[in-house]
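Undergrad: Questions regarding the structure given below will be posed in turn.
Number of protein chains: 2
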Amino acid sequence: MEYTQLTAAELESIKAALDTEFENLKAKNLKLNMARGILDKDQLDLTQDMLGILVTKEDCKTEAGTDCRNYGILDGIPEAKRIFAELLDIPAENLIIGGNSSLNLMFDTFARNMIFGVEDEGSTPWAAQGKIKFLCPAPGYDRHFSICEKMGIEMITVEMKADGPDMDTVEKLVSEDASIKGIWCVPKYSNPTGVIFSDEVIARLASMKPAAKDFRIFWDDAYIIHSLYAGADMQPSIIKECAKYGNDNMAYVFTSTSKISFPGSGLAVIASSKHNIDAIKKVLTVQTIGHDKLNQMRHVKYFGNLEGILKHMEKHAAIIAPKFRMVDEVLTEQLTGLGIASWSKPEGGYFISLDVFPGTAKRVYEMMCELGVNLTPAGATFPYGKDPEDKNLRIAPTFPPLDELKTASEALALCTKRAAAERILNS
Amino acid sequence: MEYTQLTAAELESIKAALDTEFENLKAKNLKLNMARGILDKDQLDLTQDMLGILVTKEDCKTEAGTDCRNYGILDGIPEAKRIFAELLDIPAENLIIGGNSSLNLMFDTFARNMIFGVEDEGSTPWAAQGKIKFLCPAPGYDRHFSICEKMGIEMITVEMKADGPDMDTVEKLVSEDASIKGIWCVPKYSNPTGVIFSDEVIARLASMKPAAKDFRIFWDDAYIIHSLYAGADMQPSIIKECAKYGNDNMAYVFTSTSKISFPGSGLAVIASSKHNIDAIKKVLTVQTIGHDKLNQMRHVKYFGNLEGILKHMEKHAAIIAPKFRMVDEVLTEQLTGLGIASWSKPEGGYFISLDVFPGTAKRVYEMMCELGVNLTPAGATFPYGKDPEDKNLRIAPTFPPLDELKTASEALALCTKRAAAERILNS
Chain A
1 MEYTQLTAAE LESIKAALDT EFENLKAKNL KLNMARGILD KDQLDLTQDM LGILVTKEDC
61 KTEAGTDCRN YGILDGIPEA KRIFAELLDI PAENLIIGGN SSLNLMFDTF ARNMIFGVED
121 EGSTPWAAQG KIKFLCPAPG YDRHFSICEK MGIEMITVEM KADGPDMDTV EKLVSEDASI
181 KGIWCVPKYS NPTGVIFSDE VIARLASMKP AAKDFRIFWD DAYIIHSLYA GADMQPSIIK
241 ECAKYGNDNM AYVFTSTSKI SFPGSGLAVI ASSKHNIDAI KKVLTVQTIG HDKLNQMRHV
301 KYFGNLEGIL KHMEKHAAII APKFRMVDEV LTEQLTGLGI ASWSKPEGGY FISLDVFPGT
361 AKRVYEMMCE LGVNLTPAGA TFPYGKDPED KNLRIAPTFP PLDELKTASE ALALCTKRAA
421 AERILNS
Chain B
1 MEYTQLTAAE LESIKAALDT EFENLKAKNL KLNMARGILD KDQLDLTQDM LGILVTKEDC
61 KTEAGTDCRN YGILDGIPEA KRIFAELLDI PAENLIIGGN SSLNLMFDTF ARNMIFGVED
121 EGSTPWAAQG KIKFLCPAPG YDRHFSICEK MGIEMITVEM KADGPDMDTV EKLVSEDASI
181 KGIWCVPKYS NPTGVIFSDE VIARLASMKP AAKDFRIFWD DAYIIHSLYA GADMQPSIIK
241 ECAKYGNDNM AYVFTSTSKI SFPGSGLAVI ASSKHNIDAI KKVLTVQTIG HDKLNQMRHV
301 KYFGNLEGIL KHMEKHAAII APKFRMVDEV LTEQLTGLGI ASWSKPEGGY FISLDVFPGT
361 AKRVYEMMCE LGVNLTPAGA TFPYGKDPED KNLRIAPTFP PLDELKTASE ALALCTKRAA
421 AERILNS
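Order-wise, the sequence lines are chains A and B. The numbering of the first sequence is this note's numbering, which starts it at 1 and goes up by one. The numbering of the second sequence is this note's numbering, which starts it at 1 and goes up by one.
If you want it as structure tokens, here you go:
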């Protein structure tokens, strides 16, 4: 029966039982982590053999004969670029392989636009335009919001719907307000909701008519092939879609192998129109002589091609899909019918989005800390850390082993119930 | 006899012989490169075994138990930080290990200061201060100048003397002009002059009283242990020196292993006061989750400690010192007594600075191109690519094998003579 339908006495009695359960669990001094999209050590082991793959000098030569051990090559070795071109369904000249972090590429893209303006001739630096704004579909990725906040860019929250951002709102805002310079998107298995942008939403984004000539879509395709189950579709290329509508330079695409090979030792990529990439290279050539080509070669030799990567992703899925199922099973068993929570059942990505009883997300987080289970802080999925309904929590099930994850999920269900009961009784 | 002392007829005859020699050499269709500080392939081979050094999972664990394959650690693994702390003679908390490029760390430091201001509370972003300026001792490093030029920072050329920048000028300018925000320094084996800043110059730099409260010394210690011969002294730490004079936060130090392990696959470091490093981390944590820890571990396991690195540097020196001698021998043999050229005899670093007859550096470069020998373009060693006397050329002897280097040096001597004769005859 739903908590809100119960009498005070009934709920008091439930609450008392939950309190006891809570104290018992607390006594176990748990130390568990469901906070971030960290890889399970079994996932790390999948790629272990990549580390020893470069041995001889010949292993270090590109197909064009370039010695990867030496200086040179700003945008990536040709054989590595080819793999990402296939992955992103764009020509290799439309992308640059960066260092180990797509987040870093995003930050640098903001920094470039702040200092130099976007890639179009005569563009005014964002930093010289006074107050500028960004659209932030939420729940979203806290590190995206941190970049905006650090840069002093005002964030406007847009509702994330089941098929992507609320496009009526996005179109209206973008077409009316020239101080809005961009929008954050995680188009596939969105962080944390798992939402897959529909083709219609993608077309509407690509065909926008922004008031700002220097408007940009930041398309964080972090989970582009990170499906939990077989048969996932690929989305249309946002770069090609934008070009269809005459918005050739409107989108930057970011991706990485952080959750394919190694977090921190993978390859990150930025892709865009040829025009943008050429302009970015003019700054990049002042910033660096080139990124780590040996690591690029390591990836090429280990994976061979996109097919090799896709096969590798099946192994990742085999490890983490059971974890997503475990969380879902525990939450289903513990919370169904109580009217106090709902959660996503993602087909990929690294997160489950849990909506608890409104006004209790912070309290649930607090209780989880008390139990020794590390969660992403409540509010983190919204701009400025402010969840207007105080209800969303991001669950990251990949890191803990299954048995620990079960305990953590049970703790989560317990705290969700206890906080809801407390809230309803006190209202 | 000096060219300027010869009669026109004598010089005409010399010129005719040089022309013939030039045409003969041109017919050989050389394809040689003395343009940049690229490593010889024998130098690259020195570190080949580093590539296979990480094998087991245990190899990937830090001394604190952190798995380098996963996310985490913003500023570098402890054992790698310790080595750089010893190298730079500062506490480990005063440094951050970045990606593969110290140039990138320098660019990012400019970008941070442009967008956010320097690390002091309430500092105004450089980009919001109108016209700002930088002191550029010259001849200097073209990539430093490119960063200033790209950022729209006005460069003021300061004379590079035998013991460092002309400090009378530097002190005067810095103390009088609050729009001067910094100075570029390559304190040891300066690029391209090979100048080693004296202790006195270092103390004078550290004790400056800049008019700008947000003045910074960019201390590019690229060649800190890159001596050609045994027995080189270490310089005092600029960070400690600055602190002595109450300028605690005035210096950033940059170094890398690009010319120790692999260019493009080495480790880069930024060091500064604890205050500055803490403030930099607050931005860095928005920019990235962390740099490539596996590559850090590779370096730690391969070199062990600073002593291991120093021994490795002897092997580099054994390969490249004969190349520096070769260039010097050829130039000495070909140019001594002609009164048309002088050049540095560096004790370390990657360059020889050649001053040809005033007004002929561009012409010598042109002739070298015609012969098929790639040189750093004339002018590159000065801000905006403008050498006021058109006389300086940067010679990079490390890349070509000895026999090719001999040919290239002979070509250089020939072009130096031919351009001088041409110039004197036409004046």
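Don't be surprised by glycine CBs; every beta carbon is placed ideally from N, CA and C.
Quick check: the Cα distance between A:Asp142 and B:Ile83, rounded to an integer number of angstroms?
TA: If you take the alpha carbons of A:Asp142 and B:Ile83, they lie about 34 angstroms apart.
Undergrad: Hey, could you find the ends of the beta strand (DSSP E) B:Ala8 is sitting in?
TA: Element bounds for B:Ala8: not the beta strand (DSSP E) but the alpha helix (DSSP H), 8-27.
Undergrad: At which residues does the beta strand (DSSP E) containing B:Asp220 begin and terminate?
TA: That run of the beta strand (DSSP E) goes 216-220.
Undergrad: Check whether the segment 66-82 of chain A and the segment 30-49 of chain B touch, using three or more Cβ-Cβ pairs below 8 angstroms as the test.
TA: Counting Cβ pairs under 8 angstroms, three or more are found: they touch.
Undergrad: Taking the straight line between their C-alpha atoms, what separation do you get for B:Lys213 and B:Lys282?
TA: Cα to Cα, B:Lys213 sits roughly 21 angstroms from B:Lys282.
Undergrad: What would DSSP say about A:Arg394, mapped onto helix, strand or coil?
TA: Strand.
Undergrad: From the DSSP secondary-structure annotation, give me the bridge partner or partners of B:Tyr252.
TA: Its beta-bridge partners are B:Phe218.
Undergrad: Report buried or exposed for A:Pro397, applying the criterion of at least 16 other Cβ atoms within 10 angstroms of its Cβ.
TA: Under this definition A:Pro397 is a buried residue.
Undergrad: Distance, Cα to Cα, B:Cys415 vs B:Cys369?
TA: Spanning the two alpha carbons is a distance of roughly 10 angstroms.
Undergrad: Are the segment 405-420 of chain B and the segment 320-332 of chain B touching, with three or more C-beta to C-beta distances below 8 angstroms?
TA: Yes, the segment 405-420 of chain B touches the segment 320-332 of chain B.
Undergrad: Quick check: is the beta carbon of A:Asp45 nearer than 8 angstroms to any beta carbon in chain B?
TA: Closer than 8 angstroms: yes.
Undergrad: Alpha carbon to alpha carbon, how far is B:Ser261 from A:His226? Give it in angstroms, no decimals.
TA: Cα-Cα distance, rounded: 35 angstroms.
Undergrad: Please confirm if A:Gln48 has its CB atom under 8 angstroms from at least one CB of chain B.
TA: With 8 angstroms as the cut-off, A:Gln48 counts as an interface residue toward chain B.
Undergrad: Verify whether the separation of the beta carbon atoms of B:Tyr189 and B:Gly304 is less than 8 angstroms.
TA: No. Outside cutoff.
Undergrad: Counting only C-beta atoms, is A:Ile115 closer than 8 angstroms to chain C at any point?
TA: Structure shown: chain C not included; protein chains present are A and B.
Undergrad: Would you verify that the beta carbon of A:Ala64 is, or is not, closer than 8 angstroms to some beta carbon of chain B?
TA: Answer no: the Cβ-Cβ gap between A:Ala64 and chain B never drops below 8 angstroms.
Undergrad: Taking the alpha helix (DSSP H) that A:Pro263 falls in, what are its first and last residues?
TA: That residue, A:Pro263, is in no alpha helix (DSSP H); it is neither H nor E in DSSP.
Undergrad: Is any beta-carbon of chain A found at less than 8 angstroms from that of B:Asn191?
TA: So no, B:Asn191 is outside the interface.
Undergrad: Need the endpoints of the beta strand (DSSP E) that A:Glu154 sits in, please.
TA: Residues 154-161.
Undergrad: Looking at the strands, I want to know which residues DSSP matches up with B:Asn374.
TA: The partner list for B:Asn374 (beta bridge, DSSP) reads B:Asn33.
Undergrad: Once you ignore the five residues that flank B:Ala128 on each side, which residues in its own chain have a CB closer than 7 angstroms to its CB?
TA: Closer than 7 angstroms at the Cβ level, and outside the excluded window around B:Ala128, lies no residue.
Undergrad: What's the call for A:Lys293, buried or exposed, on a 16-neighbour Cβ count within 10 Å?
TA: Under this definition A:Lys293 is a buried residue.
Undergrad: Give a yes or no on whether the C-beta atoms belonging to A:Ala361 and A:Asp387 are separated by under 8 angstroms.
TA: In this structure, A:Asp387 lies closer than 8 angstroms to A:Ala361 by Cβ.
Undergrad: Reducing DSSP to helix, strand and coil, say where B:Gly385 ends up.
TA: B:Gly385 falls in the helix class under three-state DSSP.
Undergrad: Could one say the Cβ of B:Ile289 lies closer than 8 angstroms to chain A's Cβ atoms, at least one of them?
TA: Judged by the 8 angstroms Cβ criterion, B:Ile289 is in contact with chain A.
Undergrad: Nearest chain A C-beta to B:Val269 closer than 8 angstroms, yes or no?
TA: No, its Cβ sits nowhere closer than 8 angstroms to a Cβ of chain A.
Undergrad: Please return the same chain residues whose Cβ sits closer than 8 angstroms to the Cβ of B:Ile202, not counting the five positions on each side in sequence.
TA: Gly164, Pro187, Gln235, Pro236, Ile238, Glu241, listed in sequence order.
Undergrad: Output the distance between the C-alpha atoms of B:Thr193 and B:Glu389, rounded to the nearest integer angstrom.
TA: Going by the C-alpha atoms only, they are around 16 angstroms apart.
Undergrad: With DSSP run on the structure shown, which of helix, strand or coil describes B:Val269?
TA: Strand at B:Val269.
Undergrad: Which residues of the segment 135-147 of chain B have a Cβ closer than 9 angstroms to any Cβ of chain A? Give them in chain order.
TA: The residues in question are Arg143, Ser146, Ile147.
Undergrad: State the CB to CB distance for the pair B:Gly99 and B:Ala268, rounded to an integer number of angstroms; the pair is presumed to be in contact (CB under 8 angstroms).
TA: Going by Cβ atoms, the distance from B:Gly99 to B:Ala268 rounds to 6 angstroms, so yes, they are a contact pair.
Undergrad: Which residue wins for smallest C-alpha separation from B:Leu44, given the options B:Ile424, B:Thr257, B:Leu6, B:Ser198?
TA: Considering only alpha carbons, the answer is B:Thr257.
Undergrad: Starting from B:Pro78, follow the alpha helix (DSSP H) in both directions and report where the run begins and ends.
TA: 78-88 is the extent of the alpha helix (DSSP H) around B:Pro78.
Undergrad: Given that a residue counts as buried once 16 or more other Cβ atoms are within 10 Å of its Cβ, and exposed if not, what is B:Thr288?
TA: The residue is buried, with at least 16 neighbouring Cβ atoms inside 10 Å.
Undergrad: How would you list, in chain order, the residues of chain A whose beta-carbon sits under 9 angstroms from the beta-carbon of B:Arg363?
TA: None at all; the shortest Cβ gap to chain A is about 27 angstroms.
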